[in-house]
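Trainee: The letter at position 66 of the sequence shown is residue 66 when you use our numbering, and the numbering goes up by one with no holes.
Positions of the beta carbon are idealized from the N, C-alpha and C atoms, including for glycine.
For clarity, every value in this text was computed on a predicted model and none was experimentally measured.
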Amino acid sequence: MELISEFAVLTAATVLAAGAAIGLNWFLLNAAFRLMEPAGARPVPVIQLGLVRGTRAVARGYSAVR
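Dropping the structure here:
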């Protein structure tokens, strides 16, 4: 009987420690992400990915040679 109660206490302590570790890990990860945010976060400007006229002309010139 004493062995079963010691095992139950050990299991309860392990579950409690695992819960505390998970909670602390979540808290610290959340804090790290909040600290990484820029102070004045603004929407990121949209970058135009289209080719400019000169680049298109050069690409057409190279493709016409081949």
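#1: Below 7 Å CB to CB, which residues in the same chain sit around tryptophan 26 once its five sequence neighbours on both sides are set aside?
#2: Looking at the structure shown, is methionine 36 part of a helix, part of a strand, or coil, going by DSSP?
#3: Cα separation between glutamate 37 and threonine 11?
Mentor: Let's see:
#1: none
#2: helix
#3: 40 Å
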